[in-house]
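This report refers to the structure that appears directly beneath it.
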């Protein structure tokens, strides 16, 4: 396959370096400070940031990627700074909103801001809601004003109030939104049903054609024994005997020691023989399963005969069905109820099994294994339901042979079918016609037609993207609001819903480039990276590491991954007209799916896909983007082909479309892509659900970074977990009284070792409780002990729930960056100049000098200990 259109990571980083360098030049010249009205002259700012505008360069690296290609690296005289906002649904969105508000509040209005010095904003899932919202807000505010300013001496901004009003973003309007969501679910299920029923009918037609009568069900196909082996399992026995003889013969002859110095067979020959034997075994199983269908159908006829004649000789299947009822209402009812329950709770069982994996207590182990057993039982429900449907259709098709003609003369259509049906019979021909219609319609279905992505994207876009002019208009004229709940500034939830234009921002518009240069609306924002996961269960090289996926990035200039290559964002937007900021945000948060990268539970893949539990999105493959012309473009939009790949886990990087899901299915922190760009200072806001505080997402990124990038991370996160455990014990015993002794830690300061004596600083903000939080936060935790680790499955947040997570993010971030809170520090010196490295990183962020002094004193004290 030609891949000349595919761009490499070097192309991507080179373009990003140019964009970031140009923004840095604006900061260094004092132009951003002057435009924002900080009250500082350009000369004063330029003096402070004399070297900040140093250009960023792309250099080669000794580290090789998965395919042995050297990984490029960004390098600058001044450290490249990244901010990562983690996944975790609306819980993480609220927490990350508090984090960015705190970063903006650290400096006074007449000083340059911390966000001015952040080069990259890397977001995932819930963090992506706020990241996209921040980028869209900066595009519209006057002179790049921070849209979510949080100060005690003023009311909330319109943008903050809008997000708060939509904290229950899936159903902000109540029952009507729930009904809209239900319609979207039913629509997807109907499309899936059309595809599966068409396939089931086709298989039933083949069964009827092979076994047109009841007697045919009791005889082997192509009987060569002359009736001496009257069993449908004749060919099963033949294939099994041949397989056994070949295996014994190979063991005796093929594995006999050689008298020669060279081996009898080569490694390639032995591997090929193994694959042939495995294929032969699969063939034996398939023949047996095919024969079993006839045996079961014969049993159904036996059950019907037993009902009329108790002395009739029936096989054990027939007797079993006779006890359940001739038309098997009991198992059918059970399967329908079980399938409904699995559709509602299957994803929750998966979440429980995953969450309890690291809990080694008896309670944790029992919960984990009980959920695993339930998963395996539930996974069998949908295949059994489809099998029952196939058996029922085949049974009625065979049973109808010869019976339709009794009354066919009175019904013209049945008379015509009976005379033209041949061995299929009228019912079989009706099956075939229906299957042809359903499968024909299925071909017209596009890959994303049955996904819930569209509904999810619209809900998120309504909540986190807006048109600022409409918000202002609604605030200026509250008289138009009639009997509708009104929030701060007179903003009506209903009115905003009617007026705010969503999905209007193209991702490429965030950093326009070319002859026209930058517009004033976008130059203030850090470079946005929206992280997603490209699922590649069928990949020949990625699955050697058991990941089933690769990191996929949406950015203003390029989209793509190492596995698929990259394409320009404007080209992707031309190929897929639904591609915009809202789409990227929704893909990044598409947590519910049959395929979930390294989190995929293979046994559930088929059932979850069949039940349409899928928020993922099929995107044109950047590798093959320029080949989507004419017939190729039409073929790329045949939905059932890609649905089959998704259902059976056959996804790879070579198809015309690739399947994308939540970025958390690869990296839930947004940290991996910042490490790939070798940022020397990285702030991570971790708002994921982590009740035992085991930092699982950090551990996963450490693994990937070590293997892929040759990067080591050393973070003293255990102190945060220990502090959280102590606080929980004291809360339960009523000993938590004097909050002054509980200042932190919410933040851990760690080292990033890039190799070649190159170090970076990781400032890790964890959603955790230290005991010094406000009364609002502590009261909520008293009533909700799981706070701040409430399940991500809860996406229907109340206003109070949203506020306590936002307040926690603000509290944890501001108290660290102002030097108030203690933090978890490395107690050994990982590098000779480690204190200096940390100090330079903190100074690089433009936080107050007294805060730097206090934090560095804690670092010195920790190393003495």
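Numbering (our numbering), first residue to last: 5 to 869. Note that beta-carbon positions come from the ideal geometry of N, C-alpha and C, so glycine has one too.
Delimiting residues of the beta strand (DSSP E) encompassing residue i
i	result
residue 747	It is not in any beta strand (DSSP E) - residue 747 carries neither H nor E in the DSSP assignment.
residue 592	That residue, residue 592, is in no beta strand (DSSP E); its alpha helix (DSSP H) goes 585 to 592.
residue 622	621 to 624
residue 673	Looking at the DSSP string, residue 673 is not in any beta strand (DSSP E), and its letter there is neither H nor E.
residue 85	85 to 89
residue 392	First-last for residue 392: 385 to 403, but that is the alpha helix (DSSP H), not the beta strand (DSSP E).
Residue j beta carbon less than 8 Å from that of residue i
i	j	result
residue 96	residue 818	no
residue 162	residue 475	yes
residue 813	residue 103	yes
residue 397	residue 435	yes
residue 532	residue 559	yes
residue 786	residue 98	no
residue 83	residue 709	no
residue 167	residue 137	yes
residue 1	residue 143	For residue 1 there is no data in the structure shown, the boundaries of the chain being 5 and 869.
residue 681	residue 718	no
residue 128	residue 592	yes
residue 511	residue 585	yes
residue 656	residue 542	yes
residue 76	residue 14	yes
residue 596	residue 628	no
residue 667	residue 92	no
residue 766	residue 728	no
residue 20	residue 678	no
residue 402	residue 214	no
residue 864	residue 834	no
residue 772	residue 792	yes
residue 343	residue 385	yes
residue 456	residue 188	yes
Span of the alpha helix (DSSP H) around residue i
i	result
residue 164	162 to 169
residue 138	129 to 144
residue 557	Segment 553 to 558 is the beta strand (DSSP E) holding residue 557; no alpha helix (DSSP H) there.
residue 257	That residue, residue 257, is in no alpha helix (DSSP H); it is neither H nor E in DSSP.
residue 118	Segment: none, residue 118 is in no alpha helix (DSSP H) and carries neither H nor E.
residue 435	429 to 447
residue 650	643 to 651
residue 711	Where residue 711 is concerned, there is no enclosing alpha helix (DSSP H), given that its DSSP letter is neither H nor E.
residue 159	Taken as a continuous stretch (DSSP letters only), residue 159 belongs to no alpha helix (DSSP H), as it is neither H nor E.
residue 838	838 to 848
residue 638	635 to 639
residue 110	Counting along the chain, residue 110 falls outside any alpha helix (DSSP H), and DSSP gives it neither H nor E.
residue 462	457 to 468
residue 607	606 to 614
In DSSP terms, what residue i is bridged to
i	result
residue 665	537
residue 762	759
residue 690	770
residue 173	Its beta-bridge partners do not exist; DSSP assigns none.
residue 570	11, 564
residue 532	125
residue 716	757
residue 209	BP columns for residue 209 are empty, so no partner.
residue 62	78
residue 685	85, 765
residue 752	768, 828
Indicate whether the contact test is met: 3 or more Cβ pairs, each with one atom in the segment 662 to 682 and one in the segment 748 to 755, closer than 8 Å. With the rule of 3 Cβ pairs closer than 8 Å, the segment 662 to 682 does not count as touching the segment 748 to 755.
Counting Cβ pairs, one atom from each stretch, are 3 or more of them under 8 Å apart for the segment 600 to 613 and the segment 649 to 668? Between the segment 600 to 613 and the segment 649 to 668 there are three or more inter-stretch CB-CB distances shorter than 8 Å, so the stretches are counted as touching.
Contact between the segment 119 to 139 and the segment 851 to 858 is defined here as three or more beta-carbon pairs at a separation below 8 Å; is this criterion met? Because the criterion of three Cβ pairs below 8 Å is not met, the segment 119 to 139 and the segment 851 to 858 do not touch.
Validate contact between the segment 286 to 303 and the segment 315 to 328 using beta carbons, cut 8 Å, 3 pairs: They touch, by the three-pair rule.
Would you call the segment 130 to 138 in contact with the segment 529 to 547, where contact means no fewer than 3 C-beta pairs closer than 8 Å? Enough Cβ pairs lie closer than 8 Å, so yes.
I'd like the ranges of any alpha helix (DSSP H) spanning at least 4 consecutive residues and lying wholly in the segment 781 to 831. For the segment 781 to 831, whole alpha helix (DSSP H) runs of length 4 or above, ordered along the chain, are 803 to 821.
May I have a chain-ordered list of the alpha helix (DSSP H) segments no shorter than 4 residues that lie completely inside the segment 272 to 303? Taking only runs of at least 4 residues, no alpha helix (DSSP H) segment lies wholly in the segment 272 to 303.
Count the CB pairs spanning the segment 172 to 188 and the segment 371 to 381 that are closer than 8 Å, and state whether there are at least three. No, the segment 172 to 188 does not touch the segment 371 to 381.
If contact is defined by three or more beta carbon pairs under 8 Å, each pair taking one atom from either stretch, is the segment 688 to 704 in contact with the segment 623 to 637? No, the segment 623 to 637 is not in contact with the segment 688 to 704.
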